[in-house]
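Student: Got a structure here, written out as structure tokens. Questions coming.
In full-length UniProt numbering, the protein residues as written are 1 to 88.
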């Protein structure tokens, strides 16, 4: 697996905190190398269940705010949220 810190994970922490939930564990997962633009997959465990749509909306807001910061700007992103527990 991958790193446990970075801009995507930081955005997840911020988005979850806005919803009153904490990020208990997160790491970057394997990403397909043939994909452009790059995909960043994060495997995460949260302190509570959360609706996928609510998390995606919060992530969109946080990412847009990060993208508007001239000193630490991030590229535009198409954010997708999948609840792996729901598939078990």
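Every residue, glycine too, gets a C-beta built ideally from N, C-alpha and C.
Given this structure, state the Cα-to-Cα distance separating residue 58 from residue 75, to the nearest angstrom.
Tutor: For the purposes of this step, residue 58 is taken as the residue at position 58 of the chain shown. For the purposes of this step, residue 75 is taken as the residue at position 75 of the chain shown. Between residue 58 and residue 75, the C-alpha separation is close to 17 angstroms.
Student: What do you reckon, are the CB atoms on residue 19 and residue 12 nearer than 7 angstroms?
Tutor: To locate residue 19, count along the chain shown from 1; it is residue 19. To locate residue 12, count along the chain shown from 1; it is residue 12. Going by C-beta atoms, residue 19 is not nearer than 7 angstroms to residue 12.
Student: Can you have a look at residue 35 and say buried or exposed, based on whether 16 or more other CB atoms are within 10 angstroms of its CB?
Tutor: To locate residue 35, count along the chain shown from 1; it is residue 35. Exposed: under 16 other Cβ atoms inside 10 Å.
Student: Leaving aside the five residues before and after residue 45 along the sequence, list all residues of the same chain whose C-beta is less than 6 angstroms from its C-beta, in chain order.
Tutor: The residue you call residue 45 lines up with position 45 of the chain shown. Closer than 6 angstroms at the Cβ level, and outside the excluded window around residue 45, lie 24 and 25.
Student: Let me confirm a value: residue 8 is counted as buried when at least 16 other C-beta atoms fall within 10 Å, else exposed. Which label applies?
Tutor: The residue labelled residue 8 in the question sits at position 8 within the chain shown. By the neighbour-count rule (16 or more Cβ atoms within 10 Å), residue 8 is buried.
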